[in-house]
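*Asks:* Quick one: the structure is below, questions incoming.
2 protein chains.
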Amino acid sequence: MNIGLLLFIPSRAVENRILAAVVEAGFEITQAQARVLMRVGPDGTRLTELAEAAQVTKQTAGFLVDQLEKAGYVERVPDPSDGRARLVRVTDKAQEAVPVADAEMARIEAEWEQHIGKRRMAQLREALDMLGEITDPYR
Amino acid sequence: MNIGLLLFIPSRAVENRILAAVVEAGFEITQAQARVLMRVGPDGTRLTELAEAAQVTKQTAGFLVDQLEKAGYVERVPDPSDGRARLVRVTDKAQEAVPVADAEMARIEAEWEQHIGKRRMAQLREALDMLGEITDPYR
DNA sequence: TACTTTAATCAGAGAATCTGACTAGAACAA
DNA sequence: TTGTTCTAGTCAGATTCTCTGATTAAAGTA
Chain A
2 MNIGLLLFIP
12 SRAVENRILA
22 AVVEAGFEIT
32 QAQARVLMRV
42 GPDGTRLTEL
52 AEAAQVTKQT
62 AGFLVDQLEK
72 AGYVERVPDP
82 SDGRARLVRV
92 TDKAQEAVPV
102 ADAEMARIEA
112 EWEQHIGKRR
122 MAQLREALDM
132 LGEITDPYR
Chain B
2 MNIGLLLFIP
12 SRAVENRILA
22 AVVEAGFEIT
32 QAQARVLMRV
42 GPDGTRLTEL
52 AEAAQVTKQT
62 AGFLVDQLEK
72 AGYVERVPDP
82 SDGRARLVRV
92 TDKAQEAVPV
102 ADAEMARIEA
112 EWEQHIGKRR
122 MAQLREALDM
132 LGEITDPYR
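From first to last, the protein sequence lines stand for chains A and B. Numbered as in this note's numbering, the first sequence ends at 140 without a single skipped number. Numbered as in this note's numbering, the second sequence ends at 140 without a single skipped number.
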């Protein structure tokens, strides 16, 4: 079986479950919004960087950040180092979703480790981490 | 780093590259269409099955199959075993894209193997294959 | 200062996706 | 056999996501 599909399936499973857990906990957010939100750094991130990291156009990133802002999950503040730019920052409200997502992720990892074993899980992570070096356009 | 994202990044890299190669070769097809097309079995597959495998609604699958049909990549034939159902089958035209996709996939795998080594590549494949058992709703 | 590049937004359109309602055939129970 | 229920697929309508192209304002540069 094609390794692209082999990667895609568990990748989507993770996305679906984490999103479901976060939504279940009362946070109204979509997958596309989450993908952008996930990339916002601790000190704020520029729209252009978010777009690049999430591999969408600036317009798309802007559209999603607008919604996240309206929902109160991010705020835009001026970038002191560049008058053209603004930094997108996550709000306290969004921070509250982090433990929910982390808990679900931990559950998933535990299930996976249960199924494939601790050794394979470590190997998987190592291989993926290395692949990120050549496949992550942001890294 | 989150294993969901770690899976997502190379998964998308594969999708992007294979789609680009296929489009480059003159096949006009989108990512969403390709995801459905990829799931059509050798003897034809029902719309409902395609929808389930690709994890979209029947309506969405139908919408995409309509487009694939218009473009000549699939055809719908009556299902002899069920008067309500029809089987979606890939046409010869679509079959011609297979070697193009395979060649690009082979290139990607070679690059990856070059970067992470043969052993890790085999371990990766093994781990992913096992994960499919618990994360692929279609399997 | 004038030119070029960059960060972000505006405007408009197209693609992908969904929910809800419907039709026709199949399966099943009385 | 005859209803009743279930299943495969479609129709209608709306929303969400995404893109291309053009514009504005600030920064960098010759």
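For every residue, glycine included, the Cβ atom is placed at its ideal position computed from N, Cα and C.
1. Using a Cβ cut-off of 9 Å (strictly closer), state whether I30(B) contacts chain A.
2. Taking the CB atoms as reference points, tell me whether L7(B) and L38(B) lie closer together than 9 Å.
3. Which residues in chain B sit within 8 Å of Q124(A), going by Cβ to Cβ distance?
4. Using a C-beta cutoff of 9 Å, does T92(A) count as contacting chain B?
5. Run the CB neighbour count on T49(B), radius 10 Å, all protein chains shown included, and call it buried at 16 or more, exposed below.
6. Let's test the definition: count the other Cβ atoms within 10 Å of the Cβ of G118(A) and tell me whether it reaches 16, buried, or not, exposed.
7. Please check if any C-beta of chain A sits within less than 9 Å of the C-beta of D44(B).
8. In or out: E97(B) buried (at least 16 other Cβ within 10 Å) or exposed?
9. Taking contact to mean at least 3 C-beta pairs separated by less than 8 Å, is the region 28-47 of chain B in contact with the region 122-129 of chain B?
10. Keeping to the same chain, check which residues put their C-beta closer than 8 Å to that of M122(A); ignore five residues upstream and five downstream.
11. Beta strand (DSSP E) containing R18(B): first to last residue?
*Replies:* From the atom records:
1. The residue you call residue 30(B) lines up with position 29 of the second sequence. It does not: the Cβ of I30(B) has no partner Cβ on chain A nearer than 9 Å.
2. As a first step, residue 7(B) must be located in the second sequence, where it is residue number 6. As a first step, residue 38(B) must be located in the second sequence, where it is residue number 37. Contact: no.
3. Mapped onto the first sequence, residue 124(A) falls at position 123. Close to Q124(A), with beta-carbon spacing below 8 Å, are these residues of chain B in chain order: R121, Q124, L125 and A128.
4. Locating residue 92(A) in the first sequence gives position 91, where the first residue counts as 1. Output row for T92(A): interface = no.
5. For the purposes of this step, residue 49(B) is taken as residue 48 along the second sequence, with counting starting at 1. Classification for T49(B): exposed.
6. Position 117 of the first sequence, counted from the start, is the residue given in the question as residue 118(A). With fewer than 16 other Cβ atoms within 10 Å, it is exposed.
7. Translated into the one-based positions of the second sequence, residue 44(B) becomes position 43. Closer than 9 Å: no.
8. Position 96 of the second sequence holds residue 97(B). Looking at its Cβ environment, which holds fewer than 16 other Cβ atoms inside 10 Å, E97(B) is exposed.
9. At 8 Å Cβ cutoff, the stretches do not touch.
10. Position 121 of the first sequence, counting from 1, holds the residue named residue 122(A). Cβ neighbours of M122(A) beyond the five flanking positions: E110, W113 and E114.
11. As a working mapping, residue 18(B) is identified with position 17 in the second sequence. It is not in any beta strand (DSSP E) - R18(B) instead sits in the alpha helix (DSSP H) that spans I4 to E25.
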